[in-house]
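A short write-up of the structure that comes next.
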Amino acid sequence: MPAHPSRTAACADQGSGSNRIVSWCAVGAGFTTLFDSATVSYVAPAAAESLAAPTSGLQWFLASYSLTFGLGLVPGGRLGDAWGRRPFFLVGLSIFLLGGLVTALAPDTLLLVSARFLQGFGAGVLSAQVMGLIQDHFTGSARMRAFAAYTAAGAAAALVGPLIAASLLSVGGGHGWRVVLLVPWISGAVTLGLAFRGLQRTARSDRVSLDTPGLCMLGMLVILALLPVLDIGLSGVANAAVLGAALTLSVVLYTWERHYARSGRLPLFAPALMGSPRFLLGNASALLWFGANLALGSSVVMYLLAEAEISPLLIALSAVAAALGRLVGARLSTVAHSRFGAAVLVVSLAFQFMVVAAVITATHFFSGTAFLVVLCALFVIHGMASGFYEPVVRSETLEDVDEGLRGIAASFLQLTQRMAASIMTAVTAGLIFSGAGVPTIGDLRAALLVCVVVTFASLVSSMALAFHIRAHSAGASHRTVTYKASGVMEAGEDPAPGELVGKRCRGQTSGDMSDAGRGGI
Numbered sequence: 002m003p004a005h006p007s008r009t010a011a012c013a014d015q016g017s018g019s020n021r022i023v024s025w026c027a028v029g030a031g032f033t034t035l036f037d038s039a040t041v042s043y044v045a046p047a048a049a050e051s052l053a054a055p056t057s058g059l060q061w062f063l064a065s066y067s068l069t070f071g072l073g074l075v076p077g078g079r080l081g082d083a084w085g086r087r088p089f090f091l092v093g094l095s096i097f098l099l100g101g102l103v104t105a106l107a108p109d110t111l112l113l114v115s116a117r118f119l120q121g122f123g124a125g126v127l128s129a130q131v132m133g134l135i136q137d138h139f140t141g142s143a144r145m146r147a148f149a150a151y152t153a154a155g156a157a158a159a160l161v162g163p164l165i166a167a168s169l170l171s172v173g174g175g176h177g178w179r180v181v182l183l184v185p186w187i188s189g190a191v192t193l194g195l196a197f198r199g200l201q202r203t204a205r206s207d208r209v210s211l212d213t214p215g216l217c218m219l220g221m222l223v224i225l226a227l228l229p230v231l232d233i234g235l236s237g238v239a240n241a242a243v244l245g246a247a248l249t250l251s252v253v254l255y256t257w258e259r260h261y262a263r264s265g266r267l268p269l270f271a272p273a274l275m276g277s278p279r280f281l282l283g284n285a286s287a288l289l290w291f292g293a294n295l296a297l298g299s300s301v302v303m304y305l306l307a308e309a310e311i312s313p314l315l316i317a318l319s320a321v322a323a324a325l326g327r328l329v330g331a332r333l334s335t336v337a338h339s340r341f342g343a344a345v346l347v348v349s350l351a352f353q354f355m356v357v358a359a360v361i362t363a364t365h366f367f368s369g370t371a372f373l374v375v376l377c378a379l380f381v382i383h384g385m386a387s388g389f390y391e392p393v394v395r396s397e398t399l400e401d402v403d404e405g406l407r408g409i410a411a412s413f414l415q416l417t418q419r420m421a422a423s424i425m426t427a428v429t430a431g432l433i434f435s436g437a438g439v440p441t442i443g444d445l446r447a448a449l450l451v452c453v454v455v456t457f458a459s460l461v462s463s464m465a466l467a468f469h470i471r472a473h474s475a476g477a478s479h480r481t482v483t484y485k486a487s488g489v490m491e492a493g494e495d496p497a498p499g500e501l502v503g504k505r506c507r508g509q510t511s512g513d514m515s516d517a518g519r520g521g522i
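Pasting the structure below:
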């Protein structure tokens, strides 16, 4: 199958100035949005106190961003596939910055929450374009480096975000939280200017149908699926009604997608993606890992905050330790992947599994500050393993995605991770606060046990993915056309000893000794 012209151009243009701009835009967007995510939990109590917000208002402030982030991902990915990444990168980042500005200046709870809805939607649209741009402009080791840089940007945001937030809140008085919310404007404005001047315009594609009804139904389904697991004060009856509506809508969406595909158009759940073992296995591993990863951190923080002898500033050291390890892992992931391939996924998840098990063991021997010290040491290892894992799983999962589906594929990857994280953090929070009083060490162990089980499930999925990739690569190599001195052999035919002269791609001369490449002829 001949390469797509734009893909060929991108491959030929590796390392060009245009690609460097794409990489910097991805890093800037990642740092801007993830800085906000890393600091919102510090801002929320101060904002609620300043605006005299009720508990329900605080809950909605924390939940609104996640709801609309997921809502913006898939439409953003599909629109980027159809009409190019640049306009929706600019629109998504502009919406994010506008929402952040309104949030920081909000005079009441209603506008505060409304602006967070807007900001989350912008972040979702923007994130879909970042993943699509990396896939469009980079291949092979260059793509791995771009994903690693994006992971490092997130780690840097997680490292400096809490420190900056704590400092500004301590010196800013009653308005310190507003200053924290404006900090992302610095990196966001620089990234917006760079993207406006540097990102190339692309022609609109006529090959991608939007499947607007499918997009609308999926958006509604995302909201319905997330509402029961986000702590926004819904009653048991309301939660049951929401879940019933979500199940009904799932059936309607499935029926519609089958009808849409039979009509000869490209459905939202593209068969090329839903039928790809590589994409599905990678997605499964990534969503299980992401859910367990976030639930681990939130469970430990929630438990430690209940320990009166440990200050919140010391508790933040656990997040700093994990972020430092993640930075190191992301920097080394490209080299590791070039040498060991998808096996990096298995090894990194095995380390994370052992670390979570070690945390559970540590709860039997340490408490208070001593437990925090042990935790920080273990979280450095866990963060490093996560830094190795994240860019590799993105690269391997999205490796074979066709050009017209890159944005939607990356959006699904992020959407399932976001939903898994919401569910896992809700489940573990319920376990942490299962008792009537202060969380006990037994509650923490129960939450950590869930994390270790889900991490193991991610490990199994990554093993299946690595095995599939290896088998697929071996099959592709076996199907390479070989030829004798007297003529070309059939694909898959084994040459007799001494008869193998070389192998070639279609169009190469008999003197070429280069590989036929992945997938053969």
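In our numbering, the protein residues as written are 2 to 522.
Glycine is no exception: its CB is placed at the ideal position from the N, C-alpha and C atoms.
The model shown is predicted, which means the values in this text are computed figures rather than measured ones.
Going by Cα to Cα distance, which pick from VAL184, SER412 and PRO392 is closest to ASP82? By one-based count along the sequence shown, residue 82 stands at place 81. Checked all of VAL184, SER412 and PRO392; the closest Cα to ASP82 is SER412.
Could you tell me whether the Cβ atoms of PHE89 and GLY77 are closer together than 8 Å? Within the sequence shown, residue 89 is the residue found at index 88, counting from 1. Within the sequence shown, residue 77 is the residue found at index 76, counting from 1. Their beta carbons are under 8 Å apart, which means PHE89 touches GLY77 by this criterion.
Rank HIS383, ALA64, ARG79 and SER24 by C-alpha distance to the C-alpha of ALA427 and give the top, closest one. Sequence index remark: in the sequence shown, residue 427 carries index 426 (1-based). The shortest Cα separation from ALA427 among HIS383, ALA64, ARG79 and SER24 belongs to ALA64.
So which of GLY194, GLN136 and LEU160 has the shortest CA-CA distance to PHE36? Residue mapping note: residue 36 aligns to position 35 of the sequence shown, counting from 1. Nearest C-alpha to PHE36: LEU160.
Does the Cβ-Cβ distance between PHE389 and VAL345 come in under 8 Å? Locating residue 389 in the sequence shown gives position 388, where the first residue counts as 1. Locating residue 345 in the sequence shown gives position 344, where the first residue counts as 1. In this structure, VAL345 lies closer than 8 Å to PHE389 by Cβ.
Same chain, Cβ closer than 6 Å to GLY141, neighbours up to 5 away in sequence not counted: The sequence position of residue 141 within the sequence shown is 140, counting from 1. Excluding sequence neighbours, GLY141 sits near nothing in its chain.
With 16 other Cβ atoms within 10 Å as the buried cut-off, status of PRO278: Position 277 of the sequence shown, counting from 1, holds the residue named residue 278. Under this definition PRO278 is an exposed residue.
Just the Cα atoms here: how many angstroms apart are ILE382 and LEU450? Residue numbering aside, residue 382 sits at position 381 when the sequence shown is read from its first letter. Residue numbering aside, residue 450 sits at position 449 when the sequence shown is read from its first letter. The straight-line gap from Cα to Cα measures roughly 19 Å.
Thinking C-beta only, is LEU376 closer than 8 Å to VAL302? Here residue 302 refers to the residue found at position 301 of the sequence shown. Here residue 376 refers to the residue found at position 375 of the sequence shown. For VAL302 and LEU376, no; Cβs fall outside 8 Å.
Using a threshold of 8 Å, state whether the C-beta atoms of SER474 and LEU350 are closer than that. Position 473 of the sequence shown, counted from the first residue, corresponds to residue 474. Position 349 of the sequence shown, counted from the first residue, corresponds to residue 350. Not closer than 8 Å, so no.
Segment contact, 8 Å Cβ cut-off, at least three pairs: the stretch 290 to 300 with the stretch 395 to 405: no
In the structure shown, what three-state DSSP assignment does LEU107 receive? Position 106 of the sequence shown, counted from the first residue, corresponds to residue 107. The question names Leu, but residue 107 is Ala in the sequence shown. Coil at ALA107, not helix or strand.
What is the rounded straight-line gap between the Cα of THR483 and the Cα of ALA147? Sequence index remark: in the sequence shown, residue 483 carries index 482 (1-based). Sequence index remark: in the sequence shown, residue 147 carries index 146 (1-based). Caution is warranted here: a pLDDT of 42 is assigned to THR483, below 50, making its placement in the model unreliable, and the coordinate value is therefore given only provisionally. Cα to Cα, the separation comes out at about 35 Å.
Can you round the beta-carbon distance between GLY85 and ARG202 to whole angstroms, since I take them to be within the 8 Å contact cut? By 1-based counting over the sequence shown, the position of residue 85 is 84. By 1-based counting over the sequence shown, the position of residue 202 is 201. Indeed, because the Cβ distance is near 7 Å, the residues count as touching under 8 Å.
Go ahead and label THR370 buried or exposed: buried means 16 or more other beta carbons lie within 10 angstroms of its beta carbon, across all protein chains shown. The count along the sequence shown starts at 1 and reaches residue 370 at position 369. Exposed, because fewer than 16 other Cβ atoms sit within 10 Å of the Cβ of THR370.
Leaving out five residues before and five after MET275 in sequence, what residues of the same chain have Cβ atoms less than 8 Å from its Cβ? Position 274 of the sequence shown, counting from 1, holds the residue named residue 275. Excluding sequence neighbours, MET275 sits near LEU281.
On a Cα-Cα basis, can you pick out the residue from ALA27, VAL75 and GLU50 that is closest to THR417? Sequence index remark: in the sequence shown, residue 417 carries index 416 (1-based). THR417 has its Cα closest to that of VAL75, out of ALA27, VAL75 and GLU50.
Return the residue from the list LEU164, THR192 and VAL114 that minimises the CA-CA distance to ARG21. Counting from 1 along the sequence shown, the entry for residue 21 is found at position 20. The shortest Cα separation from ARG21 among LEU164, THR192 and VAL114 belongs to THR192.
Measuring CA to CA, which of ILE361, ALA467, TYR66 and ALA287 is closest to HIS542? An answer regarding residue 542 cannot be provided, because it is not within the stretch 2 to 522 covered by the chain.
6 Å Cβ shell around LEU254 - same chain, five flanking residues per side excluded: Locating residue 254 in the sequence shown gives position 253, where the first residue counts as 1. Here the set comprises MET218.
Consult DSSP for PHE148 and reduce its assignment to one of helix, strand or coil. Against the sequence shown, residue 148 aligns to sequence position 147. It is helical.
Could you give the DSSP three-state label for SER334: helix, strand or coil? Residue mapping note: residue 334 aligns to position 333 of the sequence shown, counting from 1. It is helical.
With a cut-off of 8 Å, do at least 3 Cβ pairs link the stretch 167 to 185 to the stretch 93 to 110? yes
How would you write the range of the alpha helix (DSSP H) that HIS176 sits in, first residue to last? Position 175 of the sequence shown, counted from the first residue, corresponds to residue 176. Here HIS176 belongs to no alpha helix (DSSP H), and DSSP marks it neither H nor E.
Taking 8 Å as the cut-off, decide whether the C-beta atoms of GLY177 and LEU169 are in contact. Against the sequence shown, residue 177 aligns to sequence position 176. Against the sequence shown, residue 169 aligns to sequence position 168. Taking 8 Å as the Cβ cut-off, GLY177 and LEU169 qualify as a contacting pair.
Is DSSP giving SER319 helix, strand or coil here? Translated into the one-based positions of the sequence shown, residue 319 becomes position 318. Three-state result, SER319: helix.
Where in the stretch 212 to 298 do unbroken runs of the alpha helix (DSSP H), each at least 4 residues long, occur, reported from the N-terminal end onward? 213 to 227, 237 to 263 and 272 to 275
GLY121, DSSP secondary structure in three states: By one-based count along the sequence shown, residue 121 stands at place 120. Correct three-state label for GLY121: helix.
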